[in-house]
Every structure is written in C-alpha cells, then in structure tokens.
Ligand code: SAM
Ligand code: SF4
C-alpha cells in the first residue's frame, strides 16, 4: 500500500512507551488507542497504580490487571473493544485455571460513552471508568476486587490532576504534559464534549512544577496537550489568568528546554500572543497542527465550527508572516451530512491555498448522540471513500513536496530509537518528520545536526554532522 499521511494520530497502537518494570509484585498490562492525550492518561494511570505494587508488562497473559484505554472518535471503536475483550477472556480463564485472577478494566472515551453497556455485553469486565476518574483508580480497583462490574463514569467535582502522584520513570527525552482537557465547542460531529466533559485548564504552577520534574529527569522536549490546547487559560499563583503563549514563554525560560510543541489547536483560539510566540521563542517548534475540517462555509456552519474558510486562510497568512518556515498540519472530515461535490472542491481548494506538510483525514462517522448523526443527507460510504482518496492524494503530494524541500539542508534531529536496519537511528526534525541517520546507539536521546540527503513520502534520510546537544 502506498505510504501517505496517517489517518489516525496513533493508529490502533499499543503504547510502547510503557516499559515493563522490574521488582514489582503485581503486573499491569495497558493498551492505549487514540490520541496523545490517551497516551498521557495511560502513563498517569500507571503512576497511580505504582504505589499499589503494579509494574508494567507487555505480556497480557501474565497480567493481574489489564486496562484498555479506548478512543471513541470514529466508528468501530466499540467493535474493536469487544473483540479485544473476547481475546483477553482466554487469558483470564487460563489464569483462573492456575488459581490466579486477571482483572479487566475499560477506560477512556468508549468507557465514558458506553458505561454499563460494556458490563452487559462483556460480563468478564471488572471495571469501567471514564477519563476524569482515573485518580480514583486505587479505590476503584479495590472495589472491583470485592464487587462485580464496577462502573464509574462520573465527572467528579475535584480535578484529577490535584490527586495524581508525581510521574514515575520517564522514558526518552520527550514528554507529554496535559494542560487542558475537555471542550465546550460542541462541533456537531464530535463526541469529545460528552466523553471528556467541559473545558478545564490546569493551574499554572502545577504545570510548571511537572515540567521542572521532567527536565530534572533528562527531558528536553515538552509536548503540551489539550483537546483545545490553545484555549488554555490557567490561573497563576497570583491569581492572573495565563494564556498558552505565556505558559510557553515561562517554560522556554529554562535553558534545558530545547523543544516545545503543543497540540491540538482550534482556529478560533489562535490568539495574537501565540502567533507572536512562534516568532519570538526559538524553542517553540515551527510546526502547527491546526484542524479546519472543511473548506466549505456551509459545511463549516453545519459543523458549528464558528469560523469560515476566509478566517482560517487569514490566520495562516498571519502565522506565516510571523514565522515564515512554519509548517502546517490539519484534520479534515469528508462526507459530512449534506456535503456536495462543490463543498468538497472547496476543501481541496483550501488545501491548495494553505499548503500542508502533513494531514489527518477521516471519512465522517456518525457518532451516537451527536447532533450531526441525526441530520438528513448522510453521504453514501462509497462517496466518502472516493473523496477521502482524492483528498489524501493531494495531501500526499504536498507532504512529498515539503519533504523534498528539506533535501540539502542541515536540520536539528532529536534521535529517538534504533531504525529498521542495523546502525541506523530514527529521530524527529523540527517539523516532526522522521529522519533516519547512521549513528551509534549511544546518541539516542541526543539532539544532533543532520544533513538531509534524500526525502521519501514519510521520512528523510540524512548524514550525521555533529552532536549539538549532549547532556
Ligand atoms: N479539537 C480538535 C479540533 O477542534 O479540531 C480536534 C480533536 S478531535 C479529538 C480529532 C479529530 O478527529 C478531529 O479534528 C476530526 O477531524 C476527527 N473527528 C472527530 N469526530 C469525527 C467524526 N464523527 N467523524 C470523523 N472524524 C471525526
Ligand atoms: Fe471536538 Fe475539537 Fe470540536 Fe471540541 S473543538 S467539539 S474537541 S472537534
């Protein structure tokens, strides 16, 4: 299959950033589907369970507790969950035969949306809990030991962040920090406001403290996360309300911070101070994920996006004036109810005008309970697929062109892991491109300079120039 832009942030992933722990009494196996927010949540869940003696294992068969951290954004989420639960049942039975017990928990947005229904369809599940309750995991696990089918889909009054322990071991030099959660925008296609709840920003000081602890552990790249991260409005210790730009500026003051990224942004929350932060803060990477969803004004209105294509294009122009090498990534939905061929053409036209370095694109999927799912004029699956293919071809061309434009230049690369071939390492460019270089394993975790020799659809090949940051 032709390589191209990813259609899902982290497609059906089992998160391999969770390394098995040594010397722990009980074994925890986690599978994480969906966005980076879920990856962050899984890391924090394992932090919450560590004091109870749970250490991570990659092997579901030997686990005492399995947590499936689910995503509900597109269809087949529930089917995928139930098929995985069926597979795990065998491990549960084997464990029981040997006198042990494997507890099964479902977390994340499918858990929030389906609640009791999960226990009804899969009685082998011990615990179902939503994204806002995982700080209560110790007591929920305790309850699930004694009672069958514990369900907790509350939106508690307290913020989970106030009750989480400090993060445990950090793997790698790049870390996620969740700063904002939930959403009040209610795009008519989206489940997030229902599964993650209202928009909340974490206060400034705990965020800065978390960043400092990560830097103390060797992290050099901070990825700020939120469903609408640029809507961030956290309260400082003196009671002032800080924007995301101000938070980024404060984080960048520590010279150990080499790279800052943030995701996901909404066009309506892209304020001038954040645009200027791209101009003024060297550590802020020149890459912006700014979903627009559609290039057609009637469709944008039906989606309740509350911005027009002109607003979006003006914003891009402003950003590129402030930061000429800024690369853009986006999200697109094709086949929203009522989308005509001319609406779709408007989306292609917007892509041509804006120019993307990468993009995530999806066929519209009716999510139960969302306003758009009840609209007439649902688009036939074959039409959606055909539009998706055309849109992706256009974005692939742009992505290839963007990658080609880096050939001959020297880029900073944060080396992350070994490549497929012996002697190769893979890292990330400032624009999130994968860069492959020949380098010794000892350079994993270092920021190096690489001259780019060749570009492919999804990666760059480079030659190591020098280690520019060793620590
Ligand atoms: N807050 C971000 C924004 O406003 O653009 C998006 C966050 S959403 C979790 C991630 C992406 O999933 C969306 O940008 C959208 O493209 C896609 N998505 C959400 N609901 C969808 C649906 N019902 N069908 C297809 N794609 C969907
Ligand atoms: Fe969903 Fe983003 Fe719209 Fe909020 S702004 S409803 S998260 S697509």
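Residue numbers (the numbering used here): 61 to 531. Where is the CB? At the ideal position from N, CA and C, for every residue including glycine. Given the structure is predicted, the values throughout are model-derived calculations rather than measurements.
heavy atom of the ligand SF4 below 6 Å from residue i C-beta
| i | result |
| --- | --- |
| residue 132 | no |
| residue 247 | yes |
| residue 349 | no |
| residue 252 | yes |
| residue 367 | no |
| residue 196 | no |
| residue 326 | yes |
| residue 240 | no |
| residue 287 | yes |
heavy atom of the ligand SAM below 6 Å from residue i C-beta
| i | result |
| --- | --- |
| residue 244 | no |
| residue 359 | no |
| residue 422 | yes |
| residue 391 | yes |
When the options are compared against residue i, the one with the closest alpha-carbon
| i | options | result |
| --- | --- | --- |
| residue 345 | 433, 284, 401, 355 | 284 |
| residue 181 | 142, 191, 170 | 142 |
| residue 407 | 431, 440, 376, 448 | 448 |
| residue 475 | 260, 505, 248 | 505 |
| residue 394 | 192, 360, 508 | 360 |
| residue 257 | 263, 269, 264, 244 | 244 |
| residue 186 | 172, 201, 195, 174 | 201 |
| residue 95 | 123, 124, 134, 115 | 134 |
| residue 364 | 461, 113, 307, 432 | 432 |
| residue 515 | 458, 396, 158 | 458 |
| residue 276 | 234, 147, 292 | 234 |
| residue 480 | 498, 136, 204, 490 | 498 |
| residue 318 | 402, 342, 326 | 342 |
| residue 349 | 302, 299, 290 | 290 |
| residue 326 | 242, 281, 282 | 242 |
| residue 112 | 255, 199, 164, 184 | 199 |
| residue 262 | 296, 249, 282 | 296 |
| residue 430 | 253, 155, 232, 440 | 253 |
| residue 293 | 98, 356, 334 | 334 |
Any non-hydrogen atom of the ligand NAD within 6 Å of residue i CB
| i | result |
| --- | --- |
| residue 425 | Looking for the ligand NAD in the displayed structure turns up nothing; the ligands present are the ligand SAM and the ligand SF4. |
Supposed close pair residue i, residue j - CB separation, criterion 8 Å
| i | j | result |
| --- | --- | --- |
| residue 105 | residue 197 | 6 Å |
| residue 369 | residue 410 | 5 Å |
| residue 492 | residue 510 | Actually they do not touch by this definition, with Cβ atoms about 15 Å apart. |
| residue 128 | residue 139 | Actually they do not touch by this definition, with Cβ atoms about 13 Å apart. |
| residue 213 | residue 171 | 7 Å |
| residue 328 | residue 366 | 6 Å |
| residue 286 | residue 240 | 3 Å |
| residue 192 | residue 223 | At roughly 11 Å, the Cβ-Cβ gap does not stay under 8 Å, so residue 192 and residue 223 are not in contact. |
| residue 539 | residue 338 | Nothing can be reported for residue 539: it is not among the residues displayed for the chain, which extend from 61 to 531. |
Within the segment 87 to 117, ranges of the alpha helix (DSSP H) (whole runs, at least 4 residues): 96 to 109
Continuous alpha helix (DSSP H) assignments of at least 4 residues falling wholly in the segment 459 to 489: none
Minimum length 3: unbroken beta strand (DSSP E) runs contained in the segment 411 to 455: 418 to 423
Those runs of the beta strand (DSSP E) which lie wholly inside the segment 209 to 265 and span at least 3 residues: 210 to 212, 234 to 238
Unbroken stretches of the alpha helix (DSSP H), 4 residues or longer, contained in the segment 324 to 364: 332 to 340, 357 to 362
Every unbroken alpha helix (DSSP H) within the segment 369 to 397, with a cutoff of 4 residues, ordered by chain: 369 to 382
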